[in-house]
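Only one structure is covered here, and it is reproduced in the block below.
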Amino acid sequence: METVFQVYIGVLFLCCFMCVYRIGRGPTAPDRTVAIDILGIVVVGFCALMAVITGRDFYMNIAITWALLSFIGTIALAKYLEGRGFDE
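The sequence shown begins at 9 in this note's numbering and counts up by one.
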């Protein structure tokens, strides 16, 4: 089972590097926004995997908090790119 977790961690790091590449080299701002959102999802997955591996539940608290902040940040960035204010 330990080998499976190592493979999962490797896949998550690969996804993380691909997202960071897209954030840096994205041709448009919406591409970068999607990459930032996916990076948040990867971090949540990594925290959930760490919770399973270590058996400690505070990683899940971190994952839930990160997911909420990532969602709010993505919505705020999308509204900014659309040109609307936060009160609309």
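By construction, the Cβ of each residue, glycine as well, lies at the ideal position given by its N, Cα and C atoms.
(request) For Val-50, count neighbouring C-beta atoms within 10 Å of its own C-beta (all shown protein chains included) and say buried if the count is 16 or more, exposed if not. (result) Stepping through the sequence shown from its first residue, residue 50 is reached at position 42. Flag for Val-50 reads buried.
(message) Let me check understanding here. Comparing Cα to Cα, which of Thr-82, Arg-30, Tyr-16 lies closest to Leu-57?
(response) The residue labelled residue 57 in the question sits at position 49 within the sequence shown. Of the candidates Thr-82, Arg-30, Tyr-16, the one whose C-alpha sits nearest the C-alpha of Leu-57 is Tyr-16.
(message) Suppose you measure from the CA of Gly-18 to the CA of Phe-54; what does that come to, to the nearest Å?
(response) Here residue 18 is taken as the residue at index 10 of the sequence shown, counted from 1. Here residue 54 is taken as the residue at index 46 of the sequence shown, counted from 1. Whole-angstrom Cα-Cα distance: 10 angstroms.
(message) Does Arg-64 come out as helix, strand or coil in the three-state DSSP assignment?
(response) For this step, residue 64 is matched to residue 56 along the sequence shown. Here Arg-64 sits in coil by DSSP.
(request) Determine the DSSP secondary structure at Gly-81, reduced to helix, strand or coil. (result) In the sequence shown, residue 81 corresponds to position 73, counting from 1. Residue state, collapsed to three classes: helix.
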